[in-house]
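> Dumping the structure here so I can ask a few things about it.
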Amino acid sequence: MFGQKQTQNTNKIETNIPKPPHAEFTPTGGELTADQMKVGFWYVAHKLLIRRLTILVLALFDLILAIFILYTILNLYLLDLPSKNTMYQALTSPSLNYQYLSEISKPSPLTVNYAVSIKANDTESNIVAEVSNINTSWYIPEIQYHFESNGEVTEVYTAFVLPAQIDYLMATGVKNITPNQPVTLVVDSIKWKKQAHYPELKEKIYQLEVQDSKFIPASQTDVANVSNLNFSVENKGAYNFWDVYNKILLFQGSRLIYATVYPVAKLDAGEKTDISLSIFNNISTPSKIEIYPDVDFLNPDSFKGFEAEQIYSEIEN
91 MFGQKQTQNT
101 NKIETNIPKP
111 PHAEFTPTGG
121 ELTADQMKVG
131 FWYVAHKLLI
141 RRLTILVLAL
151 FDLILAIFIL
161 YTILNLYLLD
171 LPSKNTMYQA
181 LTSPSLNYQY
191 LSEISKPSPL
201 TVNYAVSIKA
211 NDTESNIVAE
221 VSNINTSWYI
231 PEIQYHFESN
241 GEVTEVYTAF
251 VLPAQIDYLM
261 ATGVKNITPN
271 QPVTLVVDSI
281 KWKKQAHYPE
291 LKEKIYQLEV
301 QDSKFIPASQ
311 TDVANVSNLN
321 FSVENKGAYN
331 FWDVYNKILL
341 FQGSRLIYAT
351 VYPVAKLDAG
361 EKTDISLSIF
371 NNISTPSKIE
381 IYPDVDFLNP
391 DSFKGFEAEQ
401 IYSEIEN
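For this note's numbering, count along the sequence shown from 1 and bump the result up by 90.
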């Protein structure tokens, strides 16, 4: 046994110890998930960049805010100054419609343009005064007036004047004032009434039209010294009216040679009435004929039938 090289069994002893099965980490309780760990690692890695971007955004916001404040100050005191000066000049300019501002609280007075007496026939005169109501939202539901000339006084008459209108106040068949004499219109009393939306009401309600006016001089009539004026008045609107006053003016050039009023008791919707007026005055053929069918359509009593209350409601509203 001595002197012999012993060989040791170097064969590796393998142990068959089983490996544990592979299992993923599943957190429980307050432990972080894998995704949360990734987000955390990303945040830590990019924290400095995020900080810089946040500072940059805040700085940009501050810059925009500073520019806006600066622009507001400049616009208030410098850039907007010309427009403010223009507005100030407009407010202090004479072109401002002071008439409209005044009319809001009270109407402008009725203006008398002229008053004349004209021969009606051999024994009577017709007197006419042209007046102007310049107010667009005030109307005269009642005006009482008379005329005076050389100490003579007519009886008192009653009429109305619509807004924004040139009208004619008349006295016909006057015996105590001779033609072509200076006359004065005297207003005994006047009532004003505020009226809104007058243009719209007029367009809707007033649709009276004069047609086929023709003057026939005395030389062509069957009666000596009697002229004729023929015309028609048609109501093209939807409302029936009481008391339509047709105011007639005949001119020779710019001179008024005859004036009168021809009343029509009623004029229904769609009705056309023919009028023949005898003028007991041998006047020459007029160069201009003006006829104004006048009806107080702002007064519910002027409407014939059952629509008066409806019209009154429309007017008031």
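For glycine and all other residues, C-beta sits at the position ideal for the given N, C-alpha and C.
#1: Any contact between the stretch 301-321 and the stretch 230-248? By contact I mean 3 or more CB pairs, one from each, below 8 Å.
#2: If you follow the alpha helix (DSSP H) that Leu166 is in, where does it begin and where does it stop?
#3: Mind checking whether Ile365 and Tyr348 have CB atoms under 8 Å apart?
#4: Any idea if Lys337 is buried or exposed, counting beta-carbon neighbours within 10 angstroms, 16 or more meaning buried?
#5: Using the three-state DSSP reduction, which class does Leu150 fall into: helix, strand or coil?
#6: Which residue comes first and which comes last in the beta strand (DSSP E) that contains Leu340?
#7: Roughly how many angstroms separate the alpha carbons of Gln297 and Lys326, rounded to a whole number?
#8: When DSSP labels each residue in this structure, what does Lys326 get in the three-state scheme?
#9: Can you tell me where the beta strand (DSSP E) holding Pro383 begins and where it ends?
#10: Find out if the Cβ-Cβ distance for the pair Val351, Thr262 is shorter than 8 Å.
#11: For Tyr204, count neighbouring C-beta atoms within 10 Å of its own C-beta (all shown protein chains included) and say buried if the count is 16 or more, exposed if not.
#12: What residues in its chain sit with their C-beta under 6 Å from that of Pro307, if we drop five residues either side in the sequence?
#13: Beta-carbon within less than 6 Å of Asn165's beta-carbon, same chain only, minus the 5 sequence neighbours each way: which residues are those?
#14: With a CB to CB cut of under 8 Å and the five nearest residues on each side skipped, what residues in its chain are close to Ala359?
#15: What separation, rounded to the nearest whole angstrom, lies between the Cα atoms of Glu242 and His236?
#16: Where does Ser344 land, buried or exposed, given buried means 16+ other C-beta within 10 angstroms?
#17: Out of Glu380, Asp391, Phe393, which has the shortest C-alpha to C-alpha gap to Tyr258?
#18: Measuring alpha carbon to alpha carbon, tell me which of Val264, Ala219, Pro197, Thr144 ends up nearest Leu346.
#19: To the nearest angstrom, how far is it from the Cα of Gln271 to the Cα of Lys394?
#20: Would you check if the distance between the CB atom of Ile280 and the CB atom of Phe387 is smaller than 8 Å?
#21: Using a Cβ cut-off of 8 Å (strictly closer), state whether Trp228 contacts chain D.
#22: Since Pro231 is in the beta strand (DSSP E), which residue starts that stretch and which ends it?
#23: Check for me: the beta strand (DSSP E) holding Glu293 runs from which residue to which?
#24: Find out if the Cβ-Cβ distance for the pair Val206, Val273 is shorter than 8 Å.
#25: Going by CA-CA distance only, name the one from Met260, Asp333, Asp302 that's closest to Val202.
#26: Pull the bridge partners of Asn211 from the DSSP assignment, please.
#27: Quick one, which of Thr144, Leu275, Leu168, Ile154 has its alpha-carbon nearest Leu200's?
#28: Of all the options Val334, Lys284, Glu290, Asn216, which has the alpha carbon lying nearest to the alpha carbon of Glu409?
#29: Does DSSP classify Asp257 as helix, strand or coil?
#30: Using C-beta distances below 7 Å, list every residue in its chain close to Trp282, excluding the 5 sequence neighbours before and after it, in chain order.
#31: For a test of the three-state rule: what should DSSP assign to Ile369, helix, strand or coil?
#32: Taking its Cβ as the centre, do 16 or more other Cβ atoms sit within 10 Å of Phe151, making it buried, or is it exposed?
#33: Tell me whether Pro353 is buried or exposed, calling it buried when 16 or more other Cβ atoms sit within 10 Å of its Cβ.
#34: For Phe250, is the classification buried or exposed, using 16 other Cβ atoms within 10 angstroms of its Cβ as the cut-off for buried?
Taking the coordinates as given:
#1: no
#2: Element bounds for Leu166: n/a, residue is neither H nor E.
#3: Taking 8 Å as the cut-off, the Cβ atoms of Ile365 and Tyr348 do not count as close.
#4: buried
#5: Helix.
#6: 331-342
#7: 5 Å
#8: coil
#9: 378-384
#10: In contact: Val351 and Thr262 (Cβ atoms closer than 8 Å).
#11: exposed
#12: So the qualifying residues of the chain are Ser317, Thr375.
#13: none
#14: Asn325, Gly327, Ala328, Tyr329, Asn330
#15: 11 Å
#16: exposed
#17: Glu380
#18: When only C-alpha atoms are compared, the closest one is Ala219.
#19: 40 Å
#20: no
#21: Given the protein chain composition of this structure (a single chain), no chain D is represented.
#22: 228-239
#23: That residue, Glu293, is in no beta strand (DSSP E); its alpha helix (DSSP H) goes 288-295.
#24: yes
#25: Met260
#26: Note: Asn211 sits in no beta bridge, so no partner.
#27: With distances taken between CA atoms, Leu200 lies nearest to Leu275 out of Thr144, Leu275, Leu168, Ile154.
#28: This structure does not reach residue 409, given that the chain is present from 91 up to 407, and the question cannot be answered.
#29: strand
#30: Pro197, Trp228, Ile230
#31: strand
#32: Residue environment analysis places Phe151 among the exposed positions, since fewer than 16 neighbouring C-beta atoms fall within 10 angstroms of its C-beta.
#33: The residue is exposed, with fewer than 16 neighbouring Cβ atoms inside 10 Å.
#34: buried
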